[in-house]
Every structure is written in structure tokens, then in C-alpha cells.
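End of the sequence shown sits at 245 in this note's numbering; the numbers just go up one at a time, nothing left out. We put the CB at the ideal spot given by N, CA and C, even for glycine.
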Amino acid sequence: MSLAAVILVGGASSRMGADKAVLDWGGRRAVDRTADLARSAGAVLVLTAGGDYGLPFVLDPSPQAGPVAGVLAALPVLREAGASRLLLLAVDAPTLKAGDLAPLLQAAAPGAAFEGFPLPLVVRLEALPRDADPAGPLRQLTDRSGAARLPCDAALARRLRGANTPEERQALLADLKLDPSTAPGSGAGRGAPGVRR
């Protein structure tokens with residue numbers, strides 16, 4: 049089964065006060081750390097949904113609709129690329145590790161997510177509801193695809209919660225002993241050709 053990844057980068061980032069995708073995490077943009085995580089998990093294609101950050105991307109057909117709209121926009125691209133499984137990641141949790149994803153990738157169900165968290169989600173494309181509400185919560189993808197809910201410990205739960213505010217970001221940076229610079233990434237690579245639907 050070919051694995052593809054979609055990184056959700058949309059959203060206003062209003063609580064953070066800056067675009068979360070380009071925030072610096074130890075010298076790297078969050079979107080780049082997340083893309084590397086996806087590749088280390090075996091993703092042969094990595095897209096962003098919601099904006100152009102120098103990776104192949106799809107734009108949300110309705111940016112105000114929510115993250116499900118971005119996932120739905122990516123599905124035709126993933127199918128065309130021959131992907132059979134999807135790794136869905138949030139850009140605001142760039143501290144996840146490859147080992148964190150292993151239980152999800154190894155789950156026998158149509159998909160898997162961690163208990164209490166809609167992301168990350170690993171799911172067979174055929175199991176995703178094609179009639180999902182673009183404005184609805186991400187949990188509908190987990191619920192309606194039959195994805196298993198796997199337990200997670202407190203340390204993993206902290207990484208899964210990610211960073212939505214500057215204070216949460218500083219706490220995660222301290223945990224990881226990364227440089228707590230708040231300067232956005234350089235944006236290198238922006239403008240690379242993207243996938244548009």
C-alpha cells in the first residue's frame with residue numbers, strides 16, 4: 049500500500065499571532081519538520097492543504113470551511129498519484145517523532161488515531177467518507193472511517209496537543225531543548241510548483 053501524507057496548514061493562527069507553518073522549531077520551519085516526519089514514516093508523496101510552503105499543495109476550496117475541506121480537496125490528487133493510505137498531520141504539532149506514528153501505521157483496522165485526538169490519522173483512502181461535511185470537525189473522518197483509537201501516554205499526549213499559543217510553543221521548545229527563537233522561517237523554497245485542483 050502506497051502511503052501519502054497531507055499536512056494541514058490552513059487556519060488563521062490567531063491565537064499564535066503568526067503563521068504556525070513557518071515558525072522556527074530548532075532552526076527549521078514547522079512545515080518542513082512535519083514533512084520530514086511524514087517522509088520518515090514512508091510517505092512517498094507529501095502535500096500541504098491550505099497553502100503554498102514550497103511543497104506540492106492543494107488550496108482549500110473554501111478556506112473558512114475548516115480542515116476537512118482541505119482533506120477533501122487533496123483526495124483526488126492522492127488517488128491520481130496511486131496512494132492507497134493517507135497520513136494526515138497537523139502543522140502545529142512539529143515535535144512528533146517517527147516512533148510516535150509507528151502504532152498508527154501498524155494498526156490492522158481501516159485506520160487509526162490516538163484516543164482523544166483526531167490527528168495524526170492513518171487511514172485507507174477507500175475508508176474515508178466522501179460525503180464528509182467540509183465545515184465539520186476532523187473527528188468525523190476518524191469516526192466514519194472505522195479507525196481504531198489507540199492509547200497514548202502523557203508525553204505523547206503533550207506532543208499531540210501541539211502549540212496553538214506562544215506559551216504552548218515555548219513549553220514544547222523547552223521540553224525538546226530547542227532554540228526558543230520566535231522568528232519565522234526564511235520561507236526558502238516558497239513558490240515551488242504546486243498541485244492545484
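- For D148, the secondary structure class from DSSP, reduced to helix, strand or coil, is helix.
- In the structure shown, A138 adopts extended strand secondary structure according to DSSP, grouped into three states.
- Restricting attention to L107, L198, F105 and K145, the CA atom closest to the CA of L85 is found in K145.
- Boundaries of the beta strand (DSSP E) harbouring R197: A196 to L198, taken from the DSSP string.
- Your pair L169 and A195 checks out as a contact, with CB atoms roughly 6 Å apart and the cut at 8 Å.
- In the three-state DSSP reduction, G159 falls in the strand class (E or B).
- Here DSSP, grouped into helix, strand and coil, assigns A78 to helix.
- Residue burial is scored here from C-beta neighbours: V92 has fewer than 16 other C-beta atoms within 10 angstroms and is therefore classed as exposed.
- For R172, the three-state secondary structure derived from DSSP is strand.
- DSSP lists T96 as the beta-bridge partner residues of F105.
- Put simply, of A183, Q188, R207 and D191 the residue whose alpha carbon is nearest the alpha carbon of D140 is R207.
- A straight line joining the alpha-carbon of V171 with that of A219 spans about 30 Å.
- Beta-bridge annotation (DSSP): L153 is not paired with any residue.
- Closest in alpha carbon position to L135, among A53, T82, M64 and C200, is A53.
- For A180, the CB contacts under 8 Å within the same chain, skipping 5 residues up- and downstream, are V116, V119, L120, Q188, L189 and R192 in chain order.
- Taking C-alpha positions only, D108 is separated from L152 by approximately 26 Å.
- A residue is called buried when at least 16 other Cβ atoms come within 10 angstroms of its Cβ; G114 meets this threshold and is buried.
- Taking the CA atoms as reference points, A155 sits about 32 Å from V70.
- Between L198 and F162, the alpha-carbon positions lie close to 5 Å from each other.
- Cα atoms of A89 and L149: separation of roughly 7 Å, rounded to the nearest angstrom.
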